[in-house]
Every structure is written in C-alpha cells, then in structure tokens.
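Structure first, commentary second.
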Amino acid sequence: MTPKKILRRPQPSDVAGWGQNLPPILRRLYAARGVHSDDQLQYTLKHLASPMQLRGIDRAVELLAEAIVQKQRVMVLGDFDADGATSTSVAMLGLSMLGVAAIDFRVPSRFSDGYGLTPGIIHRLQEEGDLPDLLVTVDNGISAIEGVRAARELGIKVVITDHHLAGDELPDADAIVNPNQPGCPFLSKNAAGVGVMFYVLTALRKHLRDNNLLPDPEPNLGSLLDLVALGTVADVVPLDHNNRIFVEQGIRRIRKGEARPGILALLEVAGRDYTEISATDLGFVVGPRLNAAGRLDDMSIGIACLLADSRDEALRLARELDNFNRERRSIEKDMKAQAQDLLASMSLDIEGLPWGLALFDQDWHQGVIGILAARIREQTHRPTIAFAPDDDGEHLKGSARSIPGLHIRDALAVVDAKNPGLMKKYGGHAMAAGMTIARDDLERFSNAFDQAVRDTLKPEDLEAAITTDGPLAPDELNLDTAYLLKRAGPWGQHFPEPVFDGEFRVVSQRIVGENHLKLVLQPVEGGGIIDGIAFNTGPEVPDFTRSGARVVYKPDANTFRGRTNLQLLVDYLEPL
Numbered sequence: 002m003t004p005k006k007i008l009r010r011p012q013p014s015d016v017a018g019w020g021q022n023l024p025p026i027l028r029r030l031y032a033a034r035g036v037h038s039d040d041q042l043q044y045t046l047k048h049l050a051s052p053m054q055l056r057g058i059d060r061a062v063e064l065l066a067e068a069i070v071q072k073q074r075v076m077v078l079g080d081f082d083a084d085g086a087t088s089t090s091v092a093m094l095g096l097s098m099l100g101v102a103a104i105d106f107r108v109p110s111r112f113s114d115g116y117g118l119t120p121g122i123i124h125r126l127q128e129e130g131d132l133p134d135l136l137v138t139v140d141n142g143i144s145a146i147e148g149v150r151a152a153r154e155l156g157i158k159v160v161i162t163d164h165h166l167a168g169d170e171l172p173d174a175d176a177i178v179n180p181n182q183p184g185c186p187f188l189s190k191n192a193a194g195v196g197v198m199f200y201v202l203t204a205l206r207k208h209l210r211d212n213n214l215l216p217d218p219e220p221n222l223g224s225l226l227d228l229v230a231l232g233t234v235a236d237v238v239p240l241d242h243n244n245r246i247f248v249e250q251g252i253r254r255i256r257k258g259e260a261r262p263g264i265l266a267l268l269e270v271a272g273r274d275y276t277e278i279s280a281t282d283l284g285f286v287v288g289p290r291l292n293a294a295g296r297l298d299d300m301s302i303g304i305a306c307l308l309a310d311s312r313d314e315a316l317r318l319a320r321e322l323d324n325f326n327r328e329r330r331s332i333e334k335d336m337k338a339q340a341q342d343l344l345a346s347m348s349l350d351i352e353g354l355p356w357g358l359a360l361f362d363q364d365w366h367q368g369v370i371g372i373l374a375a376r377i378r379e380q381t382h383r384p385t386i387a388f389a390p391d392d393d394g395e396h397l398k399g400s401a402r403s404i405p406g407l408h409i410r411d412a413l414a415v416v417d418a419k420n421p422g423l424m425k426k427y428g429g430h431a432m433a434a435g436m437t438i439a440r441d442d443l444e445r446f447s448n449a450f451d452q453a454v455r456d457t458l459k460p461e462d463l464e465a466a467i468t469t470d471g472p473l474a475p476d477e478l479n480l481d482t483a484y485l486l487k488r489a490g491p492w493g494q495h496f497p498e499p500v501f502d503g504e505f506r507v508v509s510q511r512i513v514g515e516n517h518l519k520l521v522l523q524p525v526e527g528g529g530i531i532d533g534i535a536f537n538t539g540p541e542v543p544d545f546t547r548s549g550a551r552v553v554y555k556p557d558a559n560t561f562r563g564r565t566n567l568q569l570l571v572d573y574l575e576p577l
C-alpha cells in the first residue's frame, strides 16, 4: 500500500441540543460531518427543497404541459453515464405517467457523437425523419450552444435539464432548469441530473393537478425514487441533506423489493441481497455495471434494462451489462499495467513525477480512461489525465481526476486562458473533467497542465492522506456497531462512510485469491480476536505479525457458512 498520513476528523466539542435519542457513536459521527440539528437527519420527502426554487422551472412545466395537451412528440436526450441513464429513464417513465403519449429517447455515442446535444445529432434526426416537437435534455445541455441553435432553427422547442457548471454563455433554449445556472436560488447546488429531472416532474404534476389535467388515478412519482437514488450515488455528487433524502427514500424502496426490475436484476447478477443494500452497493455494484454499457458499447442497453417491465427481460439485459463490466475490468487491468510502465519511464520515484500527470497510450480505450485516471490518481496522489486516441486519428480525448485542493475544471480554465486554442473543448466539475486536444499538442498540454497544478498546490498537498473518525472503544468494536453504521447512512461523497483507526496485534496473515490480505487481529488495548481483510494489496506485503499494525478499517458483518461474525474491512495498514 502507498504510505499515507493518517488524519483524524475534527470532533465538535458541543453537540448539545440535538440527537438526544441517538446512540453516542452516531451523535459523534454525525456532528463530525456537519450535522447540528435533528432536522438534518429527517429524510422524509416533505423535507425536500421546493422545486419552485429552481429558475426556469415554470417555463419548462408550461412547455411540457402544452406537449401533453397538444399530443406533441417529445424526445429525451440523455448521456452515456449512470446519471444520464437514470435521468433518461426517470424522464421516460415520469412523462409517460403524466400523460405524454408520444415519447422516445436518444443517447449520444461516446465514440462517434461525443458529449451532449450537438448539431450532428439534430441533423441525423432530420435525415431519419424523426424530429420531435419538444426536445428535453437530461444531465446535459448547459453547454450545448450550437446544438440548441440547430434544433431551434428546425422549429424544435428545447427544454434543458442539467446540473453541470455553466460557461460564460448559455444556450438559447426555450427553458433551462439547472441549479448551477447563474441567478438560480435553489438551495441544493449538488443535485445530480436525475434529481433535477425528478424535480421537473414533481412541478409538472402540481401544474397538471391545479388545472385538472392529471390522469386518474394520480401517478405516484415516488415509484421513481430508486432510480433517483442510483443516479445520485453513481454520479458521486455531494450528499447534502437534499440528496441524502433522495438516496434514503430510494434505498428504502429497493430494500422492500419495490424497485425497478432492472435495479433488482443488476443486484441479483452481482450476488447482492436487495433487502440489505446500502448506498455503497449502488455506487460500487450497480453503478459500474450500468456505466459499462456506455463505456464499451451503447448506453441504450443500460436504459433498456432500467425501463424493463418484466424480471426476465431485466435479467437478460443485466447479464449483458455484467458481461460488459467484466470486459471493462479486463481492459482496465491491461491499461493500468501500461500506465505503470509509462510512470516508471518518467521517474524512478514518485517525488520526481510531474505534479499534474498527463498520460497517453495509442491502444487505450476511450471508454475506460476515466477509471484509469482515477486509479493512477489514487496510486500517485496527483491530478491525473488519461488520454486515448479519438476516432479521427488527429485528436486525443482526455479524462481527468483530481485530488483535494485542486478544482480540475478551474485548472483547465487557467490552461485555456494562457494557451488559447490548445484545448478544442473542455468541461467538468471540481474532481472530474474531460477535454479534447490535437494529438501533436500532447507535450505542450502536459507542460501547461503541470504548471497550472504547481501554481495551485503546495508540496504537502501531494502527500496522500486518509481521514478517520479515530478509534472505536473496546465496547464499540462489535457486530452491533457494524449493523448500526450500515443502517445509519446514507453515506457518500462529502458525507463519508465512517472509518476508524487503531493499533492491533497481528496474530496471523496470509494472501488469499492472489491479491487480498487475510488477517487475524487483536486490539493492543485488549479484547477478542477479530478477522480482517484488505483487498487488492498485491502478493508482496510486510510481515505485520512481527511489528503489529496501525489499521484503518470499517467494521462489517461477514456471513460464512451460516454464521455471521465481525470482520474489519481494512482500507490501510502500516507497521507499528
């Protein structure tokens, strides 16, 4: 494991006045994550922010209601990741429930179309004779200046629903609903694309109800919350209070077996019990299988799985997605080995590497470079961009992943300002971004990116660190705590799952499955024997039985041969 600093999350000294009915450990954990009132732990739907706070939602609702009354053709334009797939599914299902009779969807190809609404997509629809009356974008559109212009020139009305950061210019759409557009007062700037679309549906339902236009019986939009939860977690948006409500409500539906057949099928092919799932399962089990379709083939397969009405059809598609995910993992493994060789050729040690890494290989796959960048970022603790060849042979497509302290989109904006035209296009968030450059400009871009990172970060920012919630007391290190923490979420981005650290005597250790370290541990302070497992350590690890280890871990309930015992999921360990 790469050496890391172990930091402990600050613990507020005063948590009086709230959480009086909570176990002390939960009060401590919640307080350390910024909770300071009981209201922040209320996850009923009535605590959601009002959709009417979203700028542009009134006009969007008017256009959608008009489409219902006039029986217009509506087309949903999605995106090729999990947020885009769930957003598309929510739009298709929700608008159909509310009375849109003629509705279809399109998803751009990652490889031939690129991201979002482009003129090329509009021209293809025209050639196919498939132009809609109203086009609704989900999880994209805020930067589609030319695409919106092309649509409107052909008489298509455009409603944009998105959550990405706006540029200097907004598209001339008929309506824009995006909490991150200038002048929008909506409180939850962290909404995922699927959350924004869900809000549009709730506002549309209210409008239809007020005008006696709702179908009878009234549609239950709550039935879509499993999809909203999946997209929110998979897109790794911060889990503020509003997003935690979405995720918690969706997980409750899934645990009761009331989810879409496609979500239940994806859990089944992954060997997960839907009655016991957590947000982590959505992020690391369901999300990657859904994303694999957009990375390697066509996200329409993933959307078809989410829209499937029967278990048999959902299972058939889920198995196809599972196969894509296995293929994606194989490709990723080969690409990571190539990246390791490339890193080794750049420097003999990590200190000699550039501060901002830009890596390229002719054989890398466009659909997997984002995952590769994340893996290399984790290993080197440096902002990383992985490039793959574009289909035209003249350009490279890059996917970037950042580290705390560097807003990657802002860093790219600096590169663009100092080197106009170097990037043909770019966009993204604080921690992830994408860009296109000319193949011949790779070295120039690499130097400019490295300099932008050096101008922003300090040397200590490049030291890998892991933040914990401190030690568990001996009477807290048990199965009850593991169960309590699993149900106490939803945990996720900016509301992290609790991790703890402590000193342990290592009774024994052995490698299992080639790369995983199986441990038998005993707390130095005293206590019983506890099993531990550290995944993907590789076969070469120190002999911790001689020194003991400081262990960073999550308590977990492990069931084997009908017996359930406490097991520590080890994130990091180092000799004492």
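Counting the sequence shown from 1 gives a position; this note's numbering is that position plus 1. Glycine residues also receive a C-beta, built at the ideal position from the N, C-alpha and C atoms.
Does the segment 453-464 touch the segment 185-194, meaning 3 or more C-beta pairs lie closer than 8 Å? no
Can you give me the C-alpha to C-alpha distance between residue 304 and residue 322, rounded to a whole angstrom? Along the sequence shown, read from residue 1 onward, the residue named residue 304 stands at position 303. Along the sequence shown, read from residue 1 onward, the residue named residue 322 stands at position 321. Straight across, the Cα-Cα distance linking residue 304 with residue 322 is about 11 Å.
Span of the alpha helix (DSSP H) holding residue 404? The count along the sequence shown starts at 1 and reaches residue 404 at position 403. Counting along the chain, residue 404 falls outside any alpha helix (DSSP H), and DSSP gives it neither H nor E.
For residue 575, which residues of its own chain have a beta-carbon under 6 Å away from its beta-carbon, when the five flanking residues on both sides are left out? Translated into positions along the sequence shown, residue 575 becomes position 574. Taken in chain order, the residues that qualify are 551.
With DSSP run on the structure shown, which of helix, strand or coil describes residue 564? By 1-based counting over the sequence shown, the position of residue 564 is 563. Three-state DSSP puts residue 564 in a strand.
Give a yes or no on whether the C-beta atoms belonging to residue 33 and residue 12 are separated by under 7 Å. The residue you call residue 33 lines up with position 32 of the sequence shown. The residue you call residue 12 lines up with position 11 of the sequence shown. Yes; because the gap between Cβ atoms is below 7 Å, this pair is in contact.
Local conformation of residue 1 per DSSP, three classes: The structure shown does not extend to residue 1, since the chain spans only 2 to 577, so no value can be given for it.
Pairwise C-alpha distance: residue 24 and residue 229: Here residue 229 refers to the residue found at position 228 of the sequence shown. Here residue 24 refers to the residue found at position 23 of the sequence shown. Whole-angstrom Cα-Cα distance: 30 Å.
Alpha carbon to alpha carbon, how far is residue 18 from residue 60? Give it in angstroms, no decimals. Reading the sequence shown from its first residue, position 59 is the one you call residue 60. Reading the sequence shown from its first residue, position 17 is the one you call residue 18. Using only the alpha carbons, I get a separation of about 43 Å.
Bridge partners - residue 576, DSSP secondary structure assignment: If you number the sequence shown from 1, residue 576 lands on position 575. Residue 576 pairs with 550.
Would you mind reading off the limits of the beta strand (DSSP E) that contains residue 309? Residue numbering aside, residue 309 sits at position 308 when the sequence shown is read from its first letter. That residue, residue 309, is in no beta strand (DSSP E); it is neither H nor E in DSSP.
Could you spell out the range, first to last residue, of the beta strand (DSSP E) harbouring residue 505? In the sequence shown, the residue the question calls residue 505 occupies position 504. Where residue 505 is concerned, the enclosing beta strand (DSSP E) stretches over 501-513.
Where residue 470 falls: helix, strand or coil (DSSP): On the sequence shown, position 469 is the one that residue 470 refers to. If DSSP states are grouped into helix, strand and coil, residue 470 belongs with coil.
Among the residues of its own chain, which have a CB less than 8 Å from the CB of residue 567, if the five just before and after it don't count? Position 566 of the sequence shown, counted from the start, is the residue given in the question as residue 567. Within the same chain, residue 567 has close Cβ partners 478, 479, 480, 483, 531, 532, 556, 557, 558 and 559.
Return the chain-ordered list of same chain residues with a C-beta closer than 7 Å to the C-beta of residue 513, the five sequence neighbours on each side being excluded. The sequence position of residue 513 within the sequence shown is 512, counting from 1. Contacts found: 519.
How is residue 386 classed by DSSP in three states: helix, strand or coil? Taking the sequence shown and counting its residues from 1, one reaches residue 386 at position 385. Correct three-state label for residue 386: strand.
Inter-residue Cα distance where the pair is residue 187 and residue 487: In the sequence shown, residue 187 corresponds to position 186, counting from 1. In the sequence shown, residue 487 corresponds to position 486, counting from 1. Approximately 30 Å, taken between the alpha carbons.
Using the three-state DSSP reduction, which class does residue 349 fall into: helix, strand or coil? Looking up residue 349 in the sequence shown gives position 348. Here residue 349 scores only 45 on pLDDT, less than 50, and its place in the model is too uncertain to base an answer on.
Which whole runs of the beta strand (DSSP E) in the segment 209-233 are 3 residues long or more, in chain order? none
CB contact flag (residue 91, residue 199, <7 Å): By 1-based counting over the sequence shown, the position of residue 91 is 90. By 1-based counting over the sequence shown, the position of residue 199 is 198. Yes, the pair counts as a contact, with Cβ atoms nearer than the cut-off.
When the Cβ atoms of the segment 435-448 are set against those of the segment 467-475, are three or more pairs found closer than 8 Å? no
Residue 386 versus residue 218 - alpha carbon distance: Start at 1 with the first residue of the sequence shown, and residue 386 comes out as number 385. Start at 1 with the first residue of the sequence shown, and residue 218 comes out as number 217. Cα to Cα, the separation comes out at about 51 Å.
Going by alpha carbons, who is nearest to residue 146 out of 391, 169, 74 and 308? If you number the sequence shown from 1, residue 146 lands on position 145. The alpha carbon of residue 146 has as its nearest neighbour, out of 391, 169, 74 and 308, the alpha carbon of 169.
Apart from the five residues just before and just after residue 577, which ones in its own chain have a Cβ nearer than 7 Å to its Cβ? By 1-based counting over the sequence shown, the position of residue 577 is 576. These residues qualify, in order along the chain: 504, 548, 549, 550 and 551.
Just to confirm before moving on: does the CB-CB distance between residue 260 and residue 253 stay below 7 Å? Looking up residue 260 in the sequence shown gives position 259. Looking up residue 253 in the sequence shown gives position 252. No.
The ligand GTP and residue 226: does the residue's C-beta get closer than 6 Å to at least one heavy atom of that ligand? Annotation note on the ligand GTP: not contained in the displayed structure, which lists no ligands.
Integer-rounded CB distance, given that residue 150 should sit under 8 Å from residue 173: Here residue 173 is taken as the residue at index 172 of the sequence shown, counted from 1. Here residue 150 is taken as the residue at index 149 of the sequence shown, counted from 1. About 7 Å separates the two Cβ atoms, so the contact holds.
Starting from residue 148, follow the alpha helix (DSSP H) in both directions and report where the run begins and ends. For the purposes of this step, residue 148 is taken as residue 147 along the sequence shown, with counting starting at 1. It spans 146-154 - the alpha helix (DSSP H) in which residue 148 sits, taken as one unbroken run.
Look at the alpha carbon of residue 1 and the alpha carbon of residue 542, and state the distance between them as a whole number of angstroms. Outside the displayed span of the chain (2 to 577) sits residue 1, for which this structure offers no information.
Given 8 Å as the limit, is there contact between the segment 259-278 and the segment 63-72, that is, 3 or more CB pairs closer than that? no
CA-CA distance, residue 510 and residue 45? Residue numbering aside, residue 510 sits at position 509 when the sequence shown is read from its first letter. Residue numbering aside, residue 45 sits at position 44 when the sequence shown is read from its first letter. Their Cα atoms are separated by approximately 45 Å.
What number of angstroms, rounded off, separates the C-alpha of residue 465 from the C-alpha of residue 264? For the purposes of this step, residue 465 is identified with residue 464 of the sequence shown, where counting begins at 1. For the purposes of this step, residue 264 is identified with residue 263 of the sequence shown, where counting begins at 1. Here the alpha carbons of residue 264 and residue 465 stand approximately 35 Å from one another.
Quick check: the segment 324-341 against the segment 114-121, are there 3 or more CB pairs under 8 Å? no
Can you check whether the CB of residue 56 is closer than 7 Å to the CB of residue 232? Counting from 1 along the sequence shown, the entry for residue 232 is found at position 231. Counting from 1 along the sequence shown, the entry for residue 56 is found at position 55. Against a cut-off of 7 Å, the Cβ pair of residue 56 and residue 232 comes out as no contact.
Give the list of continuous alpha helix (DSSP H) stretches no shorter than 4 residues that lie fully inside the segment 248-311. 262-270, 288-297 and 301-308
Just the Cα atoms here: how many angstroms apart are residue 570 and residue 544? Locating residue 570 in the sequence shown gives position 569, counting from the first residue. Locating residue 544 in the sequence shown gives position 543, counting from the first residue. Distance between the alpha carbons of residue 570 and residue 544: 19 Å.
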